[in-house]
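In my numbering, the protein residues as written are 16 to 433. Quick reminder that beta carbons are idealized off the backbone N, C-alpha and C, glycines included. Owing to the predicted nature of the structure, the values given are computational and were not obtained by experimental measurement. Scroll down for the structure; my scribbles are underneath it.
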């Protein structure tokens, strides 16, 4: 396999050719990638490397409706990135059309309020935030470093999950802890899924035919990680995730908000270290822990339909906690123009949406059952009856948002150099 050191690519787009952005999303055990036309959203190449770190790690390339799967040895992020570069080398015209590399970076701390062109200083600051996101930022840096080696002539852009929430007021992001923990250690609410929220906010404004500056939204990004965000006049004013993506509503394998006293209680009763308890909260809780079956909502819904009582209870807890979070986020908004469901569960689980709205009738949200059943597999639409507030399904597209940011910053940098 060609290494990234050997596979350095001179990527100057041909005159008049379509310009694409390579978007990289390095997770703790995965790598998502896509080559995207930022103006149209077209993706001539996409794919994912999964189960990195395990013996069955593999990478899947999707191109022109066809799939190609390749086992990865060694089972590392670097191996996956090398496989991607090697694959791209087989398509020189596509490589020549690349104008930038866009990287999803999970945690930007208080350093970054918007997307940035990556330089040595910003790269060090991303590394400094690794203590806030130890599962994600080191993986994000691997993607950045590999892309810099493979594409040395291309602008590298970092787009931060936390950036959209950096305008939250201090009374929303500070925890009731000794103030020096915030001042000296950066302990505060940061929030995540910000790139998704930015995209969905713009789409909601378009679909509701109102400027984002006039809207008050609650965006429920529901996937294996789940968060709700209150968006007022185009800006995040509060969100359910906190210092880390562990806080908030029920996640796939993460517990969400719990009494912090539980940590010491379990450590004592189970004779486990705080690190061991932390691993349980991150990897063995949420939908997986409650159901005892899976972190996949589809599996739990199927079991519930077949009479599995624990699965039924799991879904009720999930919907109830979502509805509670909506109620809390009404406080900074005052009124609600739209509750928007997005993410894998939000876009595809008509059952979760219906059960959540059942709890929210007091807000004037009444389900349109037929519309709700139709809004799956990427279809946007209003799923509530006419009333004071509306519920919508709006598919997110974080990769397109990253591509757009990358094109804009690359063009600005080119203009400055001209």
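Beta carbon of residue i nearer than 8 Å to that of residue j
i	j	result
residue 73	residue 81	no
residue 253	residue 210	no
residue 236	residue 358	yes
residue 259	residue 173	no
residue 383	residue 364	no
residue 317	residue 330	no
residue 142	residue 353	no
residue 480	residue 414	Because residue 480 is not part of the residues shown, which for the chain are 16 to 433, the question remains open.
residue 426	residue 410	no
residue 178	residue 129	yes
residue 335	residue 297	no
residue 404	residue 351	yes
Endpoints, beta strand (DSSP E) assigned at residue i
i	result
residue 256	Careful: residue 256 lies outside any beta strand (DSSP E) and carries neither H nor E.
residue 41	35 to 41
residue 46	46 to 51
residue 95	Run containing residue 95: none in the beta strand (DSSP E); it sits in the alpha helix (DSSP H), 92 to 104.
residue 381	Segment: none, residue 381 is in no beta strand (DSSP E) and carries neither H nor E.
residue 372	No beta strand (DSSP E) contains residue 372, which is instead part of the alpha helix (DSSP H) from 365 to 374.
residue 113	113 to 120
residue 434	Residue 434 lies beyond the stretch modelled for the chain, which goes from 16 to 433, so this question has no answer here.
residue 72	Element bounds for residue 72: n/a, residue is neither H nor E.
residue 409	Note, residue 409: premise wrong, no beta strand (DSSP E); not H, not E.
residue 233	231 to 237
For residue i, the three-state DSSP class (helix, strand or coil)
i	result
residue 63	strand
residue 17	A caution first: residue 17 carries a pLDDT of 35, below 50, which makes its placement in the model unreliable, though a value can still be read off. Three-state result, residue 17: coil.
residue 339	helix
residue 434	With the chain represented from 16 up to 433, any question about residue 434 goes unanswered, as that position is not in the structure.
residue 77	strand
residue 299	coil
residue 351	coil
residue 273	coil
residue 278	helix
residue 127	coil
residue 83	strand
residue 250	strand
residue 204	coil
Cutoff 7 Å; reference residue i; Cβ partners in own chain excluding five residues on either side
i	result
residue 85	73, 74 and 98
residue 344	233, 243, 245 and 253
residue 417	38, 117, 119, 174 and 210
Sequence-distant residues of its chain with Cβ nearer than 6 Å to residue i (five each side left out)
i	result
residue 256	206, 207, 242, 262 and 263
Residue interval of the alpha helix (DSSP H) (run including residue i)
i	result
residue 287	Unbroken run through residue 287: none, as it is neither H nor E.
residue 172	Where residue 172 is concerned, there is no enclosing alpha helix (DSSP H), although the beta strand (DSSP E) it sits in stretches over 171 to 175.
residue 311	Segment: none, residue 311 is in no alpha helix (DSSP H) and carries neither H nor E.
residue 156	152 to 165
residue 212	209 to 223
Distance between beta carbons of residue j and residue i, contact taken as under 8 Å
i	j	result
residue 162	residue 116	5 Å
residue 371	residue 338	5 Å
residue 151	residue 42	7 Å
residue 113	residue 166	7 Å
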